[in-house]
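Worksheet: the structure to be examined is printed underneath.
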Amino acid sequence: DQQVKQNSPSLSVQEGRISILNCDYTNSMFDYFLWYKKYPAEGPTFLISISSIKDKNEDGRFTVFLNKSAKHLSLHIVPSQPGDSAVYFCAGTGNQFYFGTGTSLTVIP
Amino acid sequence: DAGVTQSPTHLIKTRGQQVTLRCSPKSGHDTVSWYQQALGQGPQFIFQYYEEEERQRGNFPDRFSGHQFPNYSSELNVNALLLGDSALYLCASSWDRGNEKLFFGSGTQLSVL
Numbered sequence: 001d002q003q004v005k006q007n008s009p010s011l012s013v014q015e016g017r018i019s020i021l022n023c024d025y026t027n028s029m030f031d032y033f034l035w036y037k038k039y040p041a042e043g044p045t046f047l048i049s050i051s052s053i054k055d056k057n058e059d060g061r062f063t064v065f066l067n068k069s070a071k072h073l074s075l076h077i078v079p080s081q082p083g084d085s086a087v088y089f090c091a092g093t094g095n096q097f098y099f100g101t102g103t104s105l106t107v108i109p
Numbered sequence: 001d002a003g004v005t006q007s008p009t010h011l012i013k014t015r016g017q018q019v020t021l022r023c024s025p026k027s028g029h030d031t032v033s034w035y036q037q038a039l040g041q042g043p044q045f046i047f048q049y050y051e052e053e054e055r056q057r058g059n060f061p062d063r064f065s066g067h068q069f070p071n072y073s074s075e076l077n078v079n080a081l082l083l084g085d086s087a088l089y090l091c092a093s094s095w096d097r098g099n100e101k102l103f104f105g106s107g108t109q110l111s112v113l
């Protein structure tokens, strides 16, 4: 039962441009959504979150947008930097966390 | 301030054996959750411990069991290992139910041969 889906396994972006990572979910009871970033041989690290009652949250170069009617969220990174190259997981949470399968972002210098 | 620490980092076992993985939560955290991340997949919730009791459990068989100690550290035990148990096992800690943010360790890479 895949409650959170990331349909793009990989994404390549030029340095300085915008990276847009997408995520879809099926569970309308999620009350928070989060993005995590994972480098090889490390655990996921928290990046940014958004409450289900909001439609946008911004933190520096990172902005998360939530469209509840479409059950869709996206992460925008502007401008993209080579150090942003990592696997990004989105997650929805109610009484437990459900993670997507991840999108591998490569930022090309 | 130490973050979440897990041991060992790597482990090789054979089918049918038993394994114990260990986790120390981030300082000040009282809740520990365990996740299994298979290759190419996202982390999947195994169970969560709070006040030394299993509070929630994901869709994993009884071969997966755990424990939380009074100092909030935790163990994950897997009995009768199968080849399909090969994965990265992640421990995450948080405050109380931790519905807003989890802090992850670097994981234990388990290979079952």
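Going down the list, the protein sequences come from chains F and E. Counting in my numbering, the first sequence runs from 1 upward without gaps. Counting in my numbering, the second sequence runs from 1 upward without gaps. No residue lacks a Cβ here, since even glycine has one placed at the ideal position from N, Cα and C.
- Buried is the label assigned to tyrosine 89 (chain E), since at least 16 other Cβ atoms lie within 10 Å of its Cβ.
- About 6 angstroms separates the CB atoms of threonine 31 (chain E) and serine 93 (chain E); that is less than 8 angstroms, so the two are in contact.
- Shortest Cα-Cα distance from serine 85 (chain F) to any of F:Gln6, F:Ser8, F:Ser28 and F:Glu15 involves F:Glu15.
- Excluding its 5 nearest sequence neighbours in each direction, isoleucine 12 (chain E) has C-beta neighbours in its own chain below 6 angstroms: Ser111, listed in chain order.
- A Cβ-Cβ separation of about 3 angstroms places glycine 42 (chain E) in contact with phenylalanine 99 (chain F) under the 8 angstroms criterion.
- One finds nothing in chain F with a Cβ atom closer than 9 angstroms to the Cβ of proline 61 (chain E); even the nearest lies about 16 angstroms away.
- For glycine 83 (chain F), the secondary structure class from DSSP, reduced to helix, strand or coil, is helix.
- Rounded to the nearest angstrom, the Cβ distance from glycine 94 (chain F) to aspartate 24 (chain F) is 16 angstroms, too far for a contact under 8 angstroms.
- Shown here for serine 24 (chain E): same chain residues with a beta carbon closer than 6 angstroms to its own, the five before and five after excluded, namely Thr5 and Ser73 in chain order.
- Contact annotation: the stretch 59 to 72 of chain F does not touch the stretch 5 to 14 of chain F, with fewer than three C-beta pairs closer than 8 angstroms.
- Taking all protein chains in view, the Cβ of tyrosine 39 (chain F) is surrounded by fewer than 16 other Cβ atoms within 10 Å, so the residue is classified as exposed.
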